[in-house]
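Student: Residue 113 is where the sequence shown starts when you use my numbering, and the numbers rise one by one after that.
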Amino acid sequence: MRIKMCSVHVKDPATAFDFYTSVLGFEKLLAMPEHQLYIVKSTEDPDGVGLLLEPSDNKVAAKYAQGIRALGLPAIVFGSPDVRAEYERLGRLGVQFTSEPYTDAFGTSVLFDDTCGNLIQLHQD
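#1: Check whether the stretch 170-184 touches the stretch 222-233, taking contact to mean three or more Cβ pairs, one atom from each stretch, closer than 8 Å.
#2: May I ask you to verify whether the stretch 114-129 touches the stretch 162-174, counting CB pairs closer than 8 Å and requiring at least 3?
#3: Given V135, which residues of its chain have a CB within under 6 Å of its CB, disregarding the five upstream and five downstream residues?
#4: Find out if the Cβ-Cβ distance for the pair V120, A174 is shorter than 7 Å.
#5: Could you tell me which of T210, T220 and D216 sits nearest to S192, measuring between CA atoms?
#6: Write down the C-beta distance between A143 and Y150 rounded to the nearest angstrom, noting that I regard them as a contact closer than 8 Å.
#7: Report the residue from R196, T215, Q208 and F218 whose alpha carbon sits nearest the alpha carbon of T227.
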């Protein structure tokens with residue numbers, strides 16, 4: 113058994129799709145604008161997990177997304193072999209971070225705003 117797809121709730125799937133592909137560098141796995149259905153995947157792991165950009169168009173999803181953000185928790189964690197380099201690259205593209213990368217007992221990480229209602233953690237592999 114393997115994880116085939118996971119999702120992250122977003123305010124607007126089309127806007128999220130643009131950010132996740134144009135800025136973060138993911139690629140389109142599926143885009144059906146007429147159904148607000150957008151799925152992206154990593155260019156570094158083409159057979160890996162798809163990420164569904166799930167619309168937060170119901171109260172439960174919206175409350176969940178708002179709640180974890182208010183607690184400063186990431187909605188999802190992405191991996192990178194070099195968090196500092198990604199921090200620099202994404203910063204040049206205008207991505208807003210909550211701090212500079214930090215290292216603790218669990219490794220090197222940084223949180224950023226995905227412009228779609230979520231904090232995303234970038235963790236060094």
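Heads up, the beta-carbon is just placed ideally off N, CA and C, and yes, glycines get one too.
Tutor: Taking the coordinates as given:
#1: The stretch 170-184, when compared against the stretch 222-233, does touch it at the 8 Å Cβ threshold.
#2: By the Cβ criterion, the stretch 114-129 is in contact with the stretch 162-174, since at least three pairs of Cβ atoms, one from each stretch, lie closer than 8 Å.
#3: Listed in chain order, the non-local C-beta contacts of V135 below 6 Å within the same chain comprise L205, local neighbours out to five positions each way being set aside.
#4: It is not a contact, given that the beta carbons lie outside the stated cut-off.
#5: When each option's Cα is compared against that of S192, the closest is T220.
#6: A143 to Y150, Cβ: 5 Å. Contact.
#7: For T227, the closest C-alpha among the options R196, T215, Q208 and F218 is that of Q208.
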